[in-house]
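To convert a position in the sequence shown, counted from 1, into my numbering, add 45.
Okay, so here's the structure we're looking at.
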Amino acid sequence: MIAAVFPMSFLFSASKLFHLAGDLTFRVAARILLGLFAVASIAHAQSVSVVAAGYYHTMFVKTDKTLWATGYNLYGQLGDETTVAGSRTSAVKVTSGVLSVASGFGHTAYIKTDDSLWGMGFNSAGQLGNGLTSYDAQVAAVKIASDVAAVATGGYHTLFIKKDGSLWGMGSNNFGQLGDGTITKRSTPIQIATNVSAVAAGHDHSVFLKKDGTLWTMGMNAFGQLGDGSTTARRSPVQVATGVISISAGHDHTVFIKTDGSLWAAGYNRYGQLGNDTTTSQPNAVKIDTSVASVSAGGYSTAFVKKDGTLWTAGWNASGQLGDGATVDLSTPVQIASGVRSVSAGYAHLAYITTAGNLLTKGYNGFGQLGEMESSAPVVSNPVAPAITTPPTGRRVLAGSDTTFTVVATGAPSPTYVWRKDGVEITGATDSTFVVTEVLPEDAGSYDVVVSNASGSVTSSAATLTVDNPETIVAPSNVVVTLEVQP
46 MIAAVFPMSF LFSASKLFHL AGDLTFRVAA RILLGLFAVA SIAHAQSVSV VAAGYYHTMF
106 VKTDKTLWAT GYNLYGQLGD ETTVAGSRTS AVKVTSGVLS VASGFGHTAY IKTDDSLWGM
166 GFNSAGQLGN GLTSYDAQVA AVKIASDVAA VATGGYHTLF IKKDGSLWGM GSNNFGQLGD
226 GTITKRSTPI QIATNVSAVA AGHDHSVFLK KDGTLWTMGM NAFGQLGDGS TTARRSPVQV
286 ATGVISISAG HDHTVFIKTD GSLWAAGYNR YGQLGNDTTT SQPNAVKIDT SVASVSAGGY
346 STAFVKKDGT LWTAGWNASG QLGDGATVDL STPVQIASGV RSVSAGYAHL AYITTAGNLL
406 TKGYNGFGQL GEMESSAPVV SNPVAPAITT PPTGRRVLAG SDTTFTVVAT GAPSPTYVWR
466 KDGVEITGAT DSTFVVTEVL PEDAGSYDVV VSNASGSVTS SAATLTVDNP ETIVAPSNVV
526 VTLEVQP
């Protein structure tokens, strides 16, 4: 929970220093300050299809294609046409007809169903692509381009792919992150490459994937985040890998998935965000894991979903953003949930969508970026997947009597229960105990229970119910038979 209380303006000032200054002293100071506001919590929204965790705000799209926002809003990055005293602590509906969204440091970009690209928020380097540069809040979304297929937002730059496969960019270019061979910022989009299928933006570097599976990078490279074996900044794209199908960029690191499902990472590794059991930065990509379906690189953390739906995290954890219930950095990935469809890692918070379409968030919440969302679902500290401590046991009873199956399970939030007979759900059997009244011979069979919460589910071992008919029990005349009926 909160270890100290500081004025919000002071917290913002330290954070701003971190992002605007290159001096490592400011970086360390800002990270320490954020660590003092360690929060491990989780919030819910339902029917969510896309989520984008930014630096201090969260954007998500629901299945009805409405766009919602929560968190830091000093620059108008939430797109609700206000700055709301700097932040919102619960989700607000922004607009409708949205397909996808991307969240940067102080700006947001989204694609509508007509394939038009829109942006709002901080525009100091021209990252909104409207021909202007301003430190004033752009609280109303502006149209950037048409025929857009994908978009990525970095610290102060924006990249997007048009439907013809061309890659475009605008905004800050001080390290060559726009890949145009210069370090000149651009307030209108410039074309960077062709035949591009995916794009990702770090704070000061850029990554894109071509349709032939080749991976290209450009921009800042002080920690080897470009993965080209050096620490030299690149003003033009350089090819660094082949056989790649998915990419993501963090503050100073890059992660990607290859066609065989293997996960690789390069760059800054002070907090173990590369997940290779070290804290040594890597200018060449190192293999992290296998059977990976999707990945997201956060500020100094990495989160990925495996093909079995389990969610894993590694790296910086000062605010509990790794979701393991602790605040200790991890250099080896740890599983934190199951039944996950997609994940987005922000600067110091995490957001993911379950296979049921529920949105969960955890980590730093100093600006309300975890959100109370728009539902009435409870906020739960330190979520824990359900575990069965006492499974149901078999029963042998006489027909016509009652018997009870019981399971004891733990988990946060409190788990739900669904009892089954021979693998078929029993209508109305949703408690930790299940009573069979006036047992009939046809009630005999195999019983188990599925225990679930927002963090996962587990199925108990089977318990067999055996039913005896009193009319079939015969004893010698000189023997007294006592039948003990199990309740």
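Beta carbons: idealized from backbone N, C-alpha and C, even for Gly.
- Residue environment for leucine 356: buried (at least 16 other C-beta atoms within 10 angstroms of its C-beta).
- Between threonine 399 and valine 385, the gap from beta carbon to beta carbon is short of 9 Å.
- Residue pairing by DSSP places lysine 188 opposite Trp163 in a beta bridge.
- Residue nearest to methionine 263 within the set His248, Lys256 and Asp257 is His248 (criterion: CA-CA distance).
- Rounded to the nearest whole angstrom, the CA to CA distance from tyrosine 392 to serine 92 is 24 Å.
- In this structure, the beta-carbon distance from tyrosine 313 to serine 293 does not fall below 9 Å.
- Here DSSP, grouped into helix, strand and coil, assigns proline 234 to strand.
- In the DSSP assignment, the residues bridged to valine 429 are Ala457.
- Counting along the chain, proline 328 sits inside the beta strand (DSSP E) bounded by residues 327-334.
- Taking each of Phe220, Ile302, Val452 and Asp297 in turn and checking the Cα distance to serine 291, the smallest one comes out for Ile302.
- For aspartate 493, the three-state secondary structure derived from DSSP is strand.
- Restricting attention to beta strand (DSSP E) runs no shorter than 3 residues, the stretch 366-450 encloses them at 375-382, 385-390, 394-399, 404-408, 429-435 and 440-443, ordered along the chain.
- For the set Val252, Val480 and Ala508, the Cα lying nearest the Cα of aspartate 493 is the one of Ala508.
- Apart from the 5 residues on each side of it in sequence, glutamate 483 sits with its Cβ closer than 8 Å to the Cβ of Gly445, Ser446 and Asp447 in its chain, given in chain order.
- Going by DSSP, isoleucine 156 is part of the beta strand (DSSP E) stretching over 152-157.
- Assignment of glycine 131 by DSSP, reduced to helix, strand and coil, places it in the helix class.
- Beta bridge pairing from DSSP links glycine 214 with Leu204 and Ile235.
- A contact is defined here as three or more CB-CB pairs under 8 Å, and the stretch 191-204 meets this definition with respect to the stretch 136-155.
- With respect to the 9 Å criterion, valine 463 and serine 491 are not classified as neighbours on the basis of their beta carbons.
- In the structure shown, aspartate 513 falls within a strand segment according to DSSP collapsed to helix, strand and coil.
- Judged by beta-carbon spacing, alanine 311 lies beyond the 9 Å limit of serine 341, meaning their Cβ atoms are not closer than that value.
- Nearest to valine 503 by C-alpha distance, out of Pro431, Val481 and Thr335, is Pro431.
- The Cβ-Cβ distance between glycine 226 and glycine 295 does not fall below 9 Å.
- In this structure, the beta-carbon distance from glycine 121 to alanine 182 falls below 9 Å.
- Distance check between leucine 367 and each of Gly402, Phe105, Tyr316 and Ala330 places Tyr316 closest, using alpha-carbon atoms only.
- Under DSSP, no beta-bridge partner is assigned to arginine 315.
- Methionine 104 is bridged by DSSP to Ala97 and Ala114.
- The straight-line gap separating the alpha-carbon atoms of isoleucine 228 and valine 495 is approximately 57 Å.
- In the structure shown, aspartate 181 falls within a strand segment according to DSSP collapsed to helix, strand and coil.
- Boundaries for glycine 272: no beta strand (DSSP E) harbours it, and the DSSP string shows neither H nor E there.
- Residues Ala147, Leu204, Val244, Ala245 and Ala246 of the same chain have their beta carbon placed closer than 6 Å to that of alanine 197, with the five preceding and five following residues left out of the count.
- Burial check for tyrosine 180: the Cβ neighbour count within 10 Å stays below 16, so the residue is exposed.
- With a 10 Å radius around the Cβ and a threshold of 16 neighbouring Cβ atoms, leucine 485 comes out exposed.
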